[in-house]
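Using the UniProt record's numbering, the letters of the sequence shown correspond one by one to residues 1 to 197.
Glycine residues also receive a C-beta, built at the ideal position from the N, C-alpha and C atoms.
Values in this document were obtained by computation on a predicted structure and should not be read as measured data.
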Amino acid sequence: MIAVVESELEFPAAPMPRLADLQAWDQGLCRREDSYELVEGVPTPAPAESIINRVAATLLAGLLNADRGDWIALIAMDLTVHDDSAPTVRRPDIVVARRRRGGDVPSARLLVSEVLLVVEVVSPSSVERDLVTKRREYAAVGIPTYLVVDLRAEPGELTLYEGRESGGGYADVPPGSSVTVTIDGHGIAIAVDDLLA
1 MIAVVESELE FPAAPMPRLA DLQAWDQGLC RREDSYELVE GVPTPAPAES IINRVAATLL
61 AGLLNADRGD WIALIAMDLT VHDDSAPTVR RPDIVVARRR RGGDVPSARL LVSEVLLVVE
121 VVSPSSVERD LVTKRREYAA VGIPTYLVVD LRAEPGELTL YEGRESGGGY ADVPPGSSVT
181 VTIDGHGIAI AVDDLLA
């Protein structure tokens, strides 16, 4: 007789539906162990982050929260980018949002109106999505500041998008090894070296 320990069995996750609305997303699709974002109503795989990227996000959230005002930096929090008939819900590596008060209605997702800064840590599978698609989406919905952390090659780069072009998109800026993020008048200096363990 062979004994099977249940914890050693792997069961595939239930198939993801082809389309989903925000109600289905909130009722459980967003809490699956395999990571997804909702893009124009289509559940889209968002591969797990590497240890280096997770460390960078954790250290950066610590820097952003160390001297915070009326905000909090949250790791991997769902953000509703569009809530129309083809909703988009992203899960940025970090979202800096205004702190909610006790009487605020709780939600599993943040709203764009609450967001002060979005941070994405680039991984090999997310280069175009982070540098092009999300940059365009975040600018279009009025997110004031977007920081891209790229540690794929030495020495690493930080690109801070906050200025606007005449069409409303973020202005092109060169990447660097350090930036100063301004949140509600507070300047926070961030260097690539701060994000490496």
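DSSP-derived helix/strand/coil call for residue i
i	result
residue 110	strand
residue 143	coil
residue 100	coil
residue 41	coil
residue 131	helix
residue 201	Given a span of 1 to 197 for the chain in the structure shown, any question on residue 201 remains unanswerable.
residue 62	helix
residue 93	coil
residue 137	helix
residue 54	helix
With 16 other Cβ atoms within 10 Å as the buried cut-off, status of residue i
i	result
residue 97	buried
residue 133	exposed
residue 67	exposed
residue 196	exposed
residue 184	exposed
residue 171	exposed
residue 111	exposed
residue 156	buried
Residue i versus residue j: straight-line alpha-carbon distance, rounded
i	j	result
residue 40	residue 140	15 Å
residue 168	residue 42	26 Å
residue 163	residue 54	27 Å
residue 191	residue 158	8 Å
residue 149	residue 87	26 Å
residue 78	residue 92	7 Å
residue 82	residue 38	10 Å
residue 44	residue 71	29 Å
residue 137	residue 131	11 Å
residue 84	residue 21	9 Å
residue 65	residue 115	14 Å
Closer than 8 Å: residue i CB and nearest the ligand ZN heavy atom
i	result
residue 145	Inclusion of the ligand ZN in the displayed structure is not the case, the ligand content being empty and no account of it being possible.
Supposed close pair residue i, residue j - CB separation, criterion 8 Å
i	j	result
residue 145	residue 122	About 17 Å; that fails the 8 Å criterion.
residue 73	residue 94	5 Å
### Message
Quick test of the definition: if touching needs 3 or more C-beta pairs under 8 Å, does the segment 168-178 touch the segment 46-63?
### Response
no
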